[in-house]
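Asker: Handing you a structure now.
Residue numbers (full-length UniProt numbering): 1 to 976.
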């Protein structure tokens, strides 16, 4: 009887409090409802009553729970009859009675009590009804008039709508408990509990698959496959987390959509654990989404006709209008400290969200059980992606080591570094830059060979096939998870219209002289045309902004290089190219990080302007816009370096200038591949280290510190010991969805696949980052963020389409990088068409053209013509042009056109061959594993067999006069 005494004591304390801050009922100074239904209305607990039952709502739902489930003492009596021990609400997410679990929490702003504010919103509502019925003059009721003048109408509006909404929730069968301003000033908590009858009703409505008594053996394929699987399990036993949900089971319970009429098929011996916390919170959230709140709108609209600007349909609109400030399910318990007891959250913290176990597999089963299928699929996909990066990283390192080993035998590098060649190069800028020796580019030439060698072509082909195998492996893994999680027959239900969409539909109907029926009104393409035009213009403008930023960085490189050459300090004039390259790459990184945040906010604003109908449509459109902007932001500088730099510069004596005097920058003699590699390296490492990891660690902790600053520091330690679960979760960061996590990985996937021919170490850097990323995200989800709403999903949605598109584009991009950015094709053409001995001897001289220094435009020739100690008459530059003594001086030579034809031919052949190989691999690997296909077929047969047996047993019972259905055999205790 301890739990019942606690409830009675709490009720007496609350009734003694005249402010009514802890009760969802009348204040002690207010008149209790009376009337013919006064006694009958008391079958609902007074603690949860807000509006008299005589006042009916405008849009009521007739689906109600039973009276016992709504009466809190009934649940207490049931628990005591079953010898259930109440749990401490400080340690577990339970009501004050310790028996009813908190399935969801709503928070709202609580105004500080004032002497001039004694009326509750309920009394305001009653007074409004009395005034509307009698309409007395103001002087006949001076007390009422004076009180109404002191009301804060905005606060009353929100309180009125809360009470309306909560009354409708009770009509749906939910139970509630309120706490206001006890330990966290200015914050009120509404704790919601779903009784058993409500859970059963909603589970049937949502078609949730639940395990039945029927158990069958799971086949893992042929005997050879089973032996291989057993061997792999033994080898990787030490890498498996110590979690029961991660064990490979040889038996599986047959699942079937829950039905109240077929409860005898399910094991209901323990009703408290039949629906886990994830399922309970998702059921309550579905109720919150579709519960309407319209009475307060119509009442307040009578006085504020201009405030008919909200649609009170579901919790989303109430959160958007500030009626409630936050809504979230609760974590299971603490993860450390004296109050930490065994729970799924603590297990996840120990076996998943720890950097010391980075080498172990993820407990995907427990992640799905705790966070839901959508979050589980994300971490499963991230695990598959990271696992597939291991062979790609190994091959990339081998390719890089091959370049390191062969650099001493590379003939073009040896020719550049040979001082006997005495090749004089033309200046790289006007006037201040002088002539220079080719031998000074020896280091750049040797470094370029590390990434520009024959092995990079093989690696580009390998990565194209790797991307295809990764996609196929993920599809098979996804199908296996769908089978294990009973999602094979799951289909997304039709989403309800968003509140913003309904509001625009309402405005459209009000503009018509004869408003049509509400169900026939919808937003057409014509209605959205202004938004579409704005989106197109803004997207084009933002992409132009990105191009302008890249152009600005180009001007920075040109101006800084010129300034360093003009410097009289010798230290500044050394390593000019390396300094300019590195600083420009860092500037690009900083701009990318800043513009990523800007573009994300703009993409959301544009999507809101578009007014999508459903949440799914809103999310897909937001993802697409964000991806376009962030992809352009991250890859535009890289595309410029790979395909445009050094190709639009002109030639000596006829250079191309921008903004009057800025000469377009050119590549080093070894090409732009080295600069492209530096840009990729700095962008990839910096973006992952700063934007992804540092922000993900620092931002949630900073927000948590800001929330805790509202509480006196002296009482912080005491509060940490006395706060309940719903109060502790209030200080955690809100869950904003998986889109930022996916976007970060998609951009990384683009870095790994699109320009991998120029940076073979990209898979290695991605692998190292993802090993940290998995544990970082895990720690963030378990310790720093509130528990997300469990959402059912059978795939990763539009992200798979983006991955598929990137893998196809990567083939084309790598073909152009190998053909136009690297010197692979020129070397090949020279070796087989122009080399006298079939080797690369003389290749460097073949790539250099001649220029007569007397042909410089006036004012552009070097001021220090004797810098090398002798007078220069002819200098060399990298291009395929005729010499000045030919009939067509400085025109493109025949070698140029031959190499261009070879480059285009390579692009066509490479693209078609690699895509053909990728499609063959795609066709060769089935999307559904054979054993899973067999199990799905067996499950269907077992379901038919199960129902046939039930029908036969029903007919037999009818013949003997016993119509009650007999349950199947009980589930073994070891499998419960």
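Glycine included, each C-beta is placed from N, C-alpha and C at the ideal position.
These numbers were taken from a predicted model, which means no experiment stands behind them.
In the structure shown, what three-state DSSP assignment does residue 940 receive?
Answerer: Counting from 1 along the chain shown, the entry for residue 940 is found at position 940. It is helical.
Asker: Expressed to the nearest angstrom, what Euclidean distance is found between the alpha-carbon atoms of residue 378 and residue 556?
Answerer: Here residue 378 refers to the residue found at position 378 of the chain shown. Here residue 556 refers to the residue found at position 556 of the chain shown. One C-alpha to the other measures close to 41 Å.
Asker: Could you check whether residue 782 and residue 981 sit closer than 8 Å to each other, using their CB atoms as the reference points?
Answerer: Here the chain covers residues 1 to 976 and nothing more, so residue 981 does not appear.
Asker: Short check: CB of residue 907 to CB of residue 843, under 8 Å?
Answerer: Counted from its first residue, the chain shown places residue 907 at position 907. Counted from its first residue, the chain shown places residue 843 at position 843. Cβ distance not < 8 Å, so residue 907 and residue 843 don't count as in contact.
Asker: State buried or exposed for residue 388, treating a residue as buried only when at least 16 other CB atoms are found within 10 Å of its CB.
Answerer: Indexing the chain shown from 1 puts residue 388 at position 388. Under this definition residue 388 is a buried residue.
Asker: Please return the same chain residues whose Cβ sits closer than 8 Å to the Cβ of residue 774, not counting the five positions on each side in sequence.
Answerer: The residue you call residue 774 lines up with position 774 of the chain shown. Closer than 8 Å at the Cβ level, and outside the excluded window around residue 774, lie 358, 362, 379, 382, 383, 386.
Asker: Here's a check: name, in chain order, each residue in its chain whose Cβ is nearer than 6 Å to the Cβ of residue 738, leaving out the five neighbours to either side.
Answerer: Within the chain shown, residue 738 is the residue found at index 738, counting from 1. If we look at residue 738 and ignore the five residues flanking it on each side, its Cβ neighbours are 378.
Asker: Between residue 645 and residue 590, what straight-line distance do the alpha-carbon atoms span, to the nearest angstrom?
Answerer: The residue you call residue 645 lines up with position 645 of the chain shown. The residue you call residue 590 lines up with position 590 of the chain shown. One C-alpha to the other measures close to 21 Å.
Asker: Quick one: any contact between the segment 458-478 and the segment 574-587, if contact means 3 or more CB pairs under 8 Å?
Answerer: no
Asker: Do you know how far the Cα of residue 448 is from the Cα of residue 860?
Answerer: Sequence index remark: in the chain shown, residue 860 carries index 860 (1-based). Sequence index remark: in the chain shown, residue 448 carries index 448 (1-based). Each residue's alpha carbon lies about 30 Å from the other.
Asker: Apply the 10 Å Cβ neighbour rule to residue 189 and answer buried if 16 or more other Cβ atoms are within range, or exposed otherwise.
Answerer: On the chain shown, residue 189 is found 189 positions in, with the first residue counted as 1. Buried, because 16 or more other Cβ atoms sit within 10 Å of the Cβ of residue 189.
Asker: Who are residue 433's beta bridge partners in DSSP?
Answerer: Sequence index remark: in the chain shown, residue 433 carries index 433 (1-based). In the DSSP output, where bridge partners are listed per residue, residue 433 has none listed.
Asker: Taking three-plus beta-carbon pairs below 8 Å as touching, is the segment 647-655 in contact with the segment 758-773?
Answerer: no
Asker: I'd like to confirm the pairing. Which residues does DSSP put opposite residue 668 in its beta bridges?
Answerer: Against the chain shown, residue 668 aligns to sequence position 668. DSSP lists 671 as partners of residue 668.
Asker: Which of the three DSSP states is assigned to residue 180 in this structure?
Answerer: Working through the chain shown from its first residue, we reach residue 180 at position 180. Three-state DSSP puts residue 180 in a strand.
Asker: Evaluate the contact criterion for the segment 846-853 versus the segment 873-881: three or more CB pairs, one atom per stretch, below 8 Å.
Answerer: yes
Asker: Would DSSP call residue 187 helix, strand or coil?
Answerer: Sequence index remark: in the chain shown, residue 187 carries index 187 (1-based). Residue state, collapsed to three classes: strand.
Asker: Can you tell me where the beta strand (DSSP E) with residue 841 in it begins and where it stops?
Answerer: Sequence index remark: in the chain shown, residue 841 carries index 841 (1-based). Annotation: residue 841 is outside any beta strand (DSSP E) and is labelled neither H nor E by DSSP.
Asker: Residue ranges of each alpha helix (DSSP H) run of no fewer than 4 residues wholly in the segment 190-259, ordered along the chain?
Answerer: 196-206, 223-235
Asker: Suppose only complete runs of 3+ residues qualify. What are the beta strand (DSSP E) ranges in the segment 614-658, listed by chain order?
Answerer: none
Asker: Do residue 441 and residue 405 have their CB atoms nearer than 8 Å?
Answerer: On the chain shown, residue 441 is found 441 positions in, with the first residue counted as 1. On the chain shown, residue 405 is found 405 positions in, with the first residue counted as 1. No. Outside cutoff.
Asker: Could you check if residue 544 is buried or exposed, using at least 16 other CB atoms within 10 Å of its CB as the buried criterion?
Answerer: The sequence position of residue 544 within the chain shown is 544, counting from 1. Exposed, since its Cβ has fewer than 16 Cβ neighbours within 10 Å.
Asker: Taking residue 436 as the reference, which of 668, 948, 156 has the closest Cα?
Answerer: Numbered from 1 along the chain shown, position 436 holds the residue referred to as residue 436. Measuring from the Cα of residue 436, the nearest candidate turns out to be 668.
Asker: Applying the criterion that 16 or more other CB atoms from any shown protein chain within 10 Å of the CB defines a buried residue, is residue 37 buried or exposed?
Answerer: Here residue 37 corresponds to residue number 37 of the chain shown, with the count starting at 1. Legend: pLDDT at residue 37 = 35, less than 50; position of this residue unreliable, no value from coordinates given.
Asker: Would the segment 196-208 count as touching the segment 257-269 if we require 3 or more Cβ pairs under 8 Å?
Answerer: yes
Asker: Thinking residue 615 and residue 495 are a contact (beta carbons under 8 Å), I'd like their distance in whole angstroms, please.
Answerer: Indexing the chain shown from 1 puts residue 615 at position 615. Indexing the chain shown from 1 puts residue 495 at position 495. Going by Cβ atoms, the distance from residue 615 to residue 495 rounds to 6 Å, so yes, they are a contact pair.
Asker: When DSSP labels each residue in this structure, what does residue 755 get in the three-state scheme?
Answerer: Numbered from its first residue, the chain shown carries residue 755 at position 755. Residue state, collapsed to three classes: coil.
Asker: Taking residue 903 as the reference, which of 424, 822, 936 has the closest Cα?
Answerer: Sequence index remark: in the chain shown, residue 903 carries index 903 (1-based). If we check each option's Cα against that of residue 903, 822 comes out closest.
Asker: Just mark residue 173 as buried or exposed, buried being the case when its beta carbon has 16 or more other beta carbons within 10 Å.
Answerer: Indexing the chain shown from 1 puts residue 173 at position 173. It is buried - the Cβ of residue 173 has at least 16 other Cβ atoms within 10 Å.
Asker: Once you ignore the five residues that flank residue 393 on each side, which residues in its own chain have a CB closer than 6 Å to its CB?
Answerer: Counting from 1 along the chain shown, the entry for residue 393 is found at position 393. Cβ within range, chain order: 763, 764, 767.
Asker: Compare the Cα-Cα distances from residue 819 to each of 885, 929, 454 and report the closest residue.
Answerer: For this step, residue 819 is matched to residue 819 along the chain shown. The shortest Cα separation from residue 819 among 885, 929, 454 belongs to 454.
Asker: Give a yes or no on whether the C-beta atoms belonging to residue 470 and residue 399 are separated by under 8 Å.
Answerer: Mapped onto the chain shown, residue 470 falls at position 470. Mapped onto the chain shown, residue 399 falls at position 399. No. Outside cutoff.
Asker: Within the same chain, show all residues whose beta-carbon is closer than 8 Å to that of residue 431, passing over the 5 residues directly before and after it, in chain order.
Answerer: Numbered from its first residue, the chain shown carries residue 431 at position 431. If the five residues before and after residue 431 are omitted, its C-beta is found closer than 8 Å to the C-beta atoms of 859, 860, 861, 862, 863, all from its own chain and listed in chain order.
Asker: Could you check what DSSP says for residue 175 in three-state terms: helix, strand or coil?
Answerer: Sequence index remark: in the chain shown, residue 175 carries index 175 (1-based). In this structure, residue 175 counts as strand in the three-state DSSP scheme.
Asker: Quick one: what's residue 881 bridged to in DSSP?
Answerer: Indexing the chain shown from 1 puts residue 881 at position 881. Beta-bridge pairing links residue 881 to 892.
Asker: Which class does residue 782 belong to by DSSP, given the choice of helix, strand or coil?
Answerer: Your numbering for residue 782 matches position 782 in the chain shown. Correct three-state label for residue 782: helix.
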